Amino acid sequence: MVIIPLQASPVDARQASRAIKLVVDEGRALRREIPYRMLFTRVNPAIATRDEKEIRSQFRGAGIPTFETALNDRAGFRAMFTHYRSLWSLGDDQATGLDKARINATAFVQEVVTEIRRQNAVVEQTA
859 MVIIPLQASP
869 VDARQASRAI
879 KLVVDEGRAL
889 RREIPYRMLF
899 TRVNPAIATR
909 DEKEIRSQFR
919 GAGIPTFETA
929 LNDRAGFRAM
939 FTHYRSLWSL
949 GDDQATGLDK
959 ARINATAFVQ
969 EVVTEIRRQN
979 AVVEQTA
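For what it's worth, our numbering labels the leading residue of the sequence shown as 859, then goes sequentially.
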């Protein structure tokens, strides 16, 4: 499964549509469907912006698969790149709100695993 990240902005949405086209074109060349899903990143954890709501609505209307879980804009995610450490190896002295970032990351991973299992079940049924 290809995960296409985007921020909730019109510019990112346009770039994401180019990425979708690339995945679909590669699937045609390989004569098989390549599953993909959109992943919103750096979203406001407190409230969805108008842009995010609009882009999600457009994706739904176009049948573009999108993860329900978004990676929120959290200091813990940025600190991973600052300190070259995993989210779980960072200390409280290196970033605030690590617990919320870890909960968010875990929810995303659980959704990815669930989707991969679902896709594998579909493949097994058609084989």
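Just so you know, even glycine gets a beta-carbon here, dropped at the ideal spot from N, CA and C.
Quick caveat, the model's predicted, so the values are computed rather than measured.
If you look at P868, you'll find it in the alpha helix (DSSP H) that goes P868 to L888.
Ranking V869, K958, Q977 and K879 by CA distance to the CA of E912 puts V869 first.
DSSP, reduced to helix, strand and coil, places T924 within a strand of the structure shown. For P863, same chain residues with a beta-carbon under 7 Å away, outside a window of 5 residues either side, are L897 and T899 in chain order. Going by DSSP, M896 is part of no alpha helix (DSSP H) but of the beta strand (DSSP E) stretching over Y894 to V901. Here the stretch 880-899 makes contact with the stretch 919-927; the two share three or more CB pairs at distances below 8 Å. Beyond the five residues adjoining it in sequence on each side, V970 comes within less than 7 Å, by CB distance, of no other residue in the same chain.
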